[in-house]
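Beneath this line is the structure, given in C-alpha cells, with notes to follow.
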Amino acid sequence: MTEKALKLGDSRRLTGPNLFGSKAAAVMDVLIGGYDHQQVTDRWQAELKLLLQPLGWSNQSIFCRNYQAGASLGFTAPIDVLYAATEVNEAAWQRVVNHFTDASQNPIEDEVHRLQKEIAAEANPALIALYQAAKTHDVRFLSDDDFVSLGYGVSCQVFAVDQLPAIDQIDWSAIQSIPLALVTGTNGKSTTVRLASHVIKAAGMKCGITSTDYIRIDDEILDTGDYSGPGGARTLLRHPDTEVALLEVARGGMLRRGLGVNQAHCAAITNVAADHLGDYGMDTVSDMVAAKFVVRQALNAQQDLILNADDEGVVEFAQDLDNEIVWFSWDADSPSIEKHLKQGGKKGQGGKAVYVKHGMVYYQNGKQTATPVIAVNEIPITMNGAAKHNTHNALVVVAMMFSMQIELSAIQTGLRTFDSSPENNPGRGNLFKVKDFQVLVDFAHNEHGLAAMADTLKSMPANRRLVLLGQAGDRDDKLIKGLVNSALLADPDCLVVCEMEEYLRGRQLGEIPNLITHHAIENGMQVNQIMTAASPLEGTKMALSWAQAGDVLLILSLTEREQVIELIQNYQ
Numbered sequence: 001m002t003e004k005a006l007k008l009g010d011s012r013r014l015t016g017p018n019l020f021g022s023k024a025a026a027v028m029d030v031l032i033g034g035y036d037h038q039q040v041t042d043r044w045q046a047e048l049k050l051l052l053q054p055l056g057w058s059n060q061s062i063f064c065r066n067y068q069a070g071a072s073l074g075f076t077a078p079i080d081v082l083y084a085a086t087e088v089n090e091a092a093w094q095r096v097v098n099h100f101t102d103a104s105q106n107p108i109e110d111e112v113h114r115l116q117k118e119i120a121a122e123a124n125p126a127l128i129a130l131y132q133a134a135k136t137h138d139v140r141f142l143s144d145d146d147f148v149s150l151g152y153g154v155s156c157q158v159f160a161v162d163q164l165p166a167i168d169q170i171d172w173s174a175i176q177s178i179p180l181a182l183v184t185g186t187n188g189k190s191t192t193v194r195l196a197s198h199v200i201k202a203a204g205m206k207c208g209i210t211s212t213d214y215i216r217i218d219d220e221i222l223d224t225g226d227y228s229g230p231g232g233a234r235t236l237l238r239h240p241d242t243e244v245a246l247l248e249v250a251r252g253g254m255l256r257r258g259l260g261v262n263q264a265h266c267a268a269i270t271n272v273a274a275d276h277l278g279d280y281g282m283d284t285v286s287d288m289v290a291a292k293f294v295v296r297q298a299l300n301a302q303q304d305l306i307l308n309a310d311d312e313g314v315v316e317f318a319q320d321l322d323n324e325i326v327w328f329s330w331d332a333d334s335p336s337i338e339k340h341l342k343q344g345g346k347k348g349q350g351g352k353a354v355y356v357k358h359g360m361v362y363y364q365n366g367k368q369t370a371t372p373v374i375a376v377n378e379i380p381i382t383m384n385g386a387a388k389h390n391t392h393n394a395l396v397v398v399a400m401m402f403s404m405q406i407e408l409s410a411i412q413t414g415l416r417t418f419d420s421s422p423e424n425n426p427g428r429g430n431l432f433k434v435k436d437f438q439v440l441v442d443f444a445h446n447e448h449g450l451a452a453m454a455d456t457l458k459s460m461p462a463n464r465r466l467v468l469l470g471q472a473g474d475r476d477d478k479l480i481k482g483l484v485n486s487a488l489l490a491d492p493d494c495l496v497v498c499e500m501e502e503y504l505r506g507r508q509l510g511e512i513p514n515l516i517t518h519h520a521i522e523n524g525m526q527v528n529q530i531m532t533a534a535s536p537l538e539g540t541k542m543a544l545s546w547a548q549a550g551d552v553l554l555i556l557s558l559t560e561r562e563q564v565i566e567l568i569q570n571y572q
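So this is what it looks like as C-alpha cells:
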C-alpha cells in the first residue's frame, strides 16, 4: 500500500514563457502519495480561488499538471509580485494538507490579510507601468530582482529596479533590438551555438552566446560556468558589444524559471532523448519533448521554428502546431520534409527545409529551386560525414542563418573554417592526430550523445577501436547499462573502464566499474578486452599506451578534462 504523503517539494517563480503558458507565474511541485490525485488537485484549486478573489487576482489563470509522483500547481501573476504569488500558492497548498490530515485551519480572512501585506510590500507600480509602455512601443523588456532593461545590445538602457524613470523621459525611438536565436535540445546545443557564432563572425558581426560552459562575446569569454538560463540571457543582452545573440536554452532553466526572453527571431530544437527524466515531473521522453517546445512561445506566427525531421517525438509533437516550421534532416527523402515542401508549410505559402542530398547541404523554401549551400565533406566538424550528429548540428546552423538573413558566402566561410579543436569546441568531438593514430575526445554523458559518438567512431576508418568510459554514482543501474550499450555500438576492440572517485555519490569504490565491466561482458566483450583505471586521466594513459598505427580511440572523459586533453596533445 502506498504510504500517505502530501509534501511541498519546490515552490518557485516562472519569470518568462514556460511549460504552462506565455505569462509569468508562480508554481510548486508537490508529492502526492496515498491520496487520489484528482481530489487533491481539485481541493487545491478551490482553496486557491478562495484566496485569489479577495486579493483581486480572480482574473489570473490557474494550471495543474499531474505526473507520476505528484503534480505541478500554479497560476499566472503580475511580474512585480511573483514572490508574494508563491506565498499565495503555498498558503493554498497548506490548507489542502490541513484538510486531508484533519489539521486545524487558520481563518481564511487571516490568510488573506497576511498575503495582502506581502503583496503590498513587493508591489512596484512603476515597474508595471514601464513594462506596459515597453509593450506599447514594441521595445524588449527584461527585469530581475535588481535591474530593469529596455532594448538589447548597444542601445540597451539599464535601470535599478527601485529607481525607474518616468515613461515620458525615455527616448523610445533610440532603443533597438538585435537578432536573437534560441537553441535547445538534449544534445548538440553548445556545438550549434558555437558554430553559428563562428558563421556570424564571418559575416562581420559581434556575436554573443550563452551556454552551459560560459558566456562569450566575439572571442572574449566574460565568465565561465552554466549560463544557459535566464540570468545568462540578461547578462548577454544587456552588454553593449552584443550585436547578435545566440542563447543555449537548457531544460533545467526553462523548467525552473521559464525562458529568459519573450521574443526571438528563430528557435531550434536539435533533438530530444531520455535524459534527466524525473526532474520537475518529467517522467517520459514525451514530457521532455513538450518542455523543449517551450521555446516556440518566443516566436510569432511568421518566425521560424527549426525542427529535427529525424526525431520521431519532435515530428509527432509538431503535427498540430501553427508555427512557421523549418525541418532539417540528413535525408532529402524524409517524409516530413517531402510533405512539408509539397503542401507549402503550415500556411500553404512555402514550407522551408534544410537537408542533405548526394553529399550536398541544401536550403529550400517551398517549391522554389533548392539553394546548394555546401558539401558535407567541406564542413570539418562532420569528419567527412562520419559524425552524423555534427551534420545535424550544421543543418540547424544553416537553417538559423537563413532565418536571420545571413549572407550565403558568410555561411559557407563559417562552416568551412570551424573545426573540432578544443579551442573552437571544447569537449565536443575534439579530434587529435597522435603519432600514427587518432584520438577523439568528447564529454557525452547520456545514451543519446554516447550513441552518436559511438556511431562516429564506427564510421571512421580504423585498424582497432577503443572506448574509455566512466560514470557518476548518482545514475541508476539501468541508465549506466544503457550507456554501456551505447558504447558497444562502436564494436570496440578495447574498453577502458575508469573510476570517478570524486563522483561516487553514495556508491562504493569500484561499484560503477564493476557494473560497467560485467554488463560489457554479458553483451559480448571478452575479459581480456577490458582494462580498469583509477581515473579518466590514468585511463587515458593506458589507452595511449595500447594504441598502435591506424587505431582510433574514443575518450569519454567526464572529469579531469583539461588534464586529459593536455596529456593527449603532449603525448610523444
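Letter 199 of the sequence shown, counting from 1, is numbered 199 in UniProt numbering, and no numbers are missing.
For each residue, glycine too, the CB sits at the ideal point set by N, CA and C.
Computed from a prediction, not measured in an experiment: that's the story for all the values here.
Mapping DSSP to helix, strand and coil, what is A123?
Taking the sequence shown and counting its residues from 1, one reaches residue 123 at position 123. Of the three classes helix, strand and coil, the one that applies to A123 here is coil, per DSSP.
Using 10 angstroms around the beta-carbon of E324, count the other beta-carbons present and answer buried if the total reaches 16, otherwise exposed.
Within the sequence shown, residue 324 is the residue found at index 324, counting from 1. Buried.
Let me make sure I understand the geometry here. Which of Q163, F147, E243 and L164 has the alpha-carbon closest to that of Q176?
Taking the sequence shown and counting its residues from 1, the one referred to as residue 176 is at position 176. For the residues Q163, F147, E243 and L164, the minimum Cα distance to Q176 belongs to E243.
Pair within 8 Å by beta-carbon distance, Q468 and I565:
In the sequence shown, residue 468 corresponds to position 468, counting from 1. In the sequence shown, residue 565 corresponds to position 565, counting from 1. Strictly speaking, residue 468 in this sequence is Leu, with Gln absent from that position. No; because the gap between Cβ atoms is not below 8 Å, this pair is not in contact.
Alpha carbon to alpha carbon, what distance is there between Y503 and Q364?
As a working note, residue 364 is residue 364 in the sequence shown. As a working note, residue 503 is residue 503 in the sequence shown. Distance between the alpha carbons of Q364 and Y503: 47 Å.
Buried or exposed: where does I79 fall if 16 or more other Cβ atoms within 10 Å of its Cβ makes it buried?
Stepping through the sequence shown from its first residue, residue 79 is reached at position 79. When all chains shown are included, I79 counts as buried.
Grouping DSSP H, G and I as helix and E and B as strand, with all else coil, what is R140?
Position 140 of the sequence shown, counting from 1, holds the residue named residue 140. If DSSP states are grouped into helix, strand and coil, R140 belongs with coil.
Completely contained beta strand (DSSP E) runs for the region 186-234, where each covers 3 or more residues
207-210, 214-217 and 220-224
Closest by CA to I500, which one among T532, A490, S409 and A451?
As a working mapping, residue 500 is identified with position 500 in the sequence shown. Looking at the sequence provided, one finds Met at residue 500 rather than Ile. With distances taken between Cα atoms, M500 lies closest to T532.
Just to confirm before moving on: does the CB-CB distance between D442 and R428 stay below 8 Å?
As a working mapping, residue 442 is identified with position 442 in the sequence shown. As a working mapping, residue 428 is identified with position 428 in the sequence shown. Note that the C-beta distance between D442 and R428 is below 8 Å.
Whole-angstrom distance between E220 and A472, CA atom to CA atom
Taking the first residue of the sequence shown as position 1, residue 472 is located at position 472. Taking the first residue of the sequence shown as position 1, residue 220 is located at position 220. Their Cα atoms are separated by approximately 32 Å.
Local conformation of I175 per DSSP, three classes:
Position 175 of the sequence shown holds residue 175. Note: I175 maps to coil in three-state DSSP.
If you reduce the DSSP assignment to three classes, tell me which class T15 lands in.
As a first step, residue 15 is located in the sequence shown; it is residue number 15 there, counting from the start. DSSP places T15 in coil when its eight states are reduced to three.
With three or more beta-carbon pairs closer than 8 Å as the criterion, would you say the region 439-458 touches the region 413-431?
yes
Would you tell me roughly how many angstroms separate the C-alpha atoms of E407 and K201, rounded to the nearest one?
For the purposes of this step, residue 407 is taken as the residue at position 407 of the sequence shown. For the purposes of this step, residue 201 is taken as the residue at position 201 of the sequence shown. Taking the straight line from one Cα to the other gives about 12 Å.
Please name the residue, chosen from Q319, E511, V527 and C266, that lies closest to L299 on a Cα-to-Cα basis.
The residue labelled residue 299 in the question sits at position 299 within the sequence shown. The option with the nearest alpha carbon to L299 is C266.
C-alpha distance - P165 paired with Y83, whole-angstrom precision
By 1-based counting over the sequence shown, the position of residue 165 is 165. By 1-based counting over the sequence shown, the position of residue 83 is 83. Distance between the alpha carbons of P165 and Y83: 23 Å.
Extent of the continuous alpha helix (DSSP H) run through I516
Sequence index remark: in the sequence shown, residue 516 carries index 516 (1-based). It spans E511 to E522 - the alpha helix (DSSP H) in which I516 sits, taken as one unbroken run.
Measure the C-alpha to C-alpha separation of A174 and K541 and round it to an integer number of angstroms.
As a working mapping, residue 174 is identified with position 174 in the sequence shown. As a working mapping, residue 541 is identified with position 541 in the sequence shown. For A174 and K541, the distance between alpha carbons rounds to 58 Å.
I'd like the list of long-range same chain contacts for L395, defined as Cβ closer than 6 Å, with 5 residues on each side in sequence excluded.
Stepping through the sequence shown from its first residue, residue 395 is reached at position 395. Result list for L395: F328 and V354, in chain order.
Runs of beta strand (DSSP E) lying entirely within the region 300-371, each at least 3 residues, in chain order:
Taken in chain order, the whole beta strand (DSSP E) runs of length 3 or more contained in the region 300-371 are 304-308, 324-329, 352-357 and 360-365.
P107 versus T101, N271 and A92, residue with shortest Cα-Cα distance
The residue you call residue 107 lines up with position 107 of the sequence shown. Comparing Cα positions, the closest option is A92.
So what does D29 bridge to, in DSSP terms?
Position 29 of the sequence shown, counted from the start, is the residue given in the question as residue 29. DSSP output for D29 lists D10 and S72 as bridge partner(s).
Measuring only between beta-carbons, confirm whether A274 sits less than 8 Å from chain B.
As a matter of chain content, chain B is missing from the structure shown, which is built from one protein chain.
Could you tell me the alpha carbon to alpha carbon distance between L19 and V434, rounded to whole angstroms?
As a first step, residue 19 is located in the sequence shown; it is residue number 19 there, counting from the start. As a first step, residue 434 is located in the sequence shown; it is residue number 434 there, counting from the start. So the two alpha carbons sit approximately 47 Å from each other.
Taking DSSP's pairing of strands, which residues face G21 in a bridge?
One-based indexing of the sequence shown puts residue 21 at position 21. Bridge partners of G21: N18.
For a test of the three-state rule: what should DSSP assign to T2, helix, strand or coil?
Here residue 2 refers to the residue found at position 2 of the sequence shown. Coil.
Extent of the continuous beta strand (DSSP E) to which K433 belongs
Position 433 of the sequence shown holds residue 433. Where K433 is concerned, the enclosing beta strand (DSSP E) stretches over N430 to V434.
Own chain partners of S459 with C-beta closer than 7 Å, once the 5 adjacent residues on each side are dropped:
For the purposes of this step, residue 459 is taken as residue 459 along the sequence shown, with counting starting at 1. Apart from sequence neighbours up to five positions away, the residues of its chain that approach S459 with a beta-carbon distance below 7 Å are A386, ordered along the chain.
Please work out which residues of its chain come closer than 7 Å, Cβ to Cβ, to A69, disregarding the five sequence neighbours upstream and downstream, and give them in chain order.
Numbered from 1 along the sequence shown, position 69 holds the residue referred to as residue 69. For A69, where only same-chain residues beyond five positions count, the Cβ hits under 7 Å are L31.
Mapping DSSP to helix, strand and coil, what is T532?
As a position in the sequence shown, residue 532 is number 532, starting the count at 1. The answer is strand: DSSP assigns T532 an E or B state.
S197: buried (16+ other C-beta within 10 angstroms of its C-beta) or exposed?
By 1-based counting over the sequence shown, the position of residue 197 is 197. Counting Cβ neighbours within 10 Å, S197 comes out buried, since at least 16 surround it.
Less than 8 Å separating the beta-carbons of G351 and A375?
In the sequence shown, the residue the question calls residue 351 occupies position 351. In the sequence shown, the residue the question calls residue 375 occupies position 375. No, they are not a contact pair.
Out of R256, N308 and E248, which one is the CA nearest neighbour of V272?
The count along the sequence shown starts at 1 and reaches residue 272 at position 272. The option with the nearest alpha carbon to V272 is N308.
Would you check if there are 3 or more beta carbon pairs closer than 8 Å linking the region 472-491 to the region 414-422?
no
Can the beta-carbon of V193 be found less than 8 Å from the beta-carbon of L246?
Locating residue 193 in the sequence shown gives position 193, counting from the first residue. Locating residue 246 in the sequence shown gives position 246, counting from the first residue. Yes, Cβ-Cβ distance for V193 and L246 is below 8 Å.
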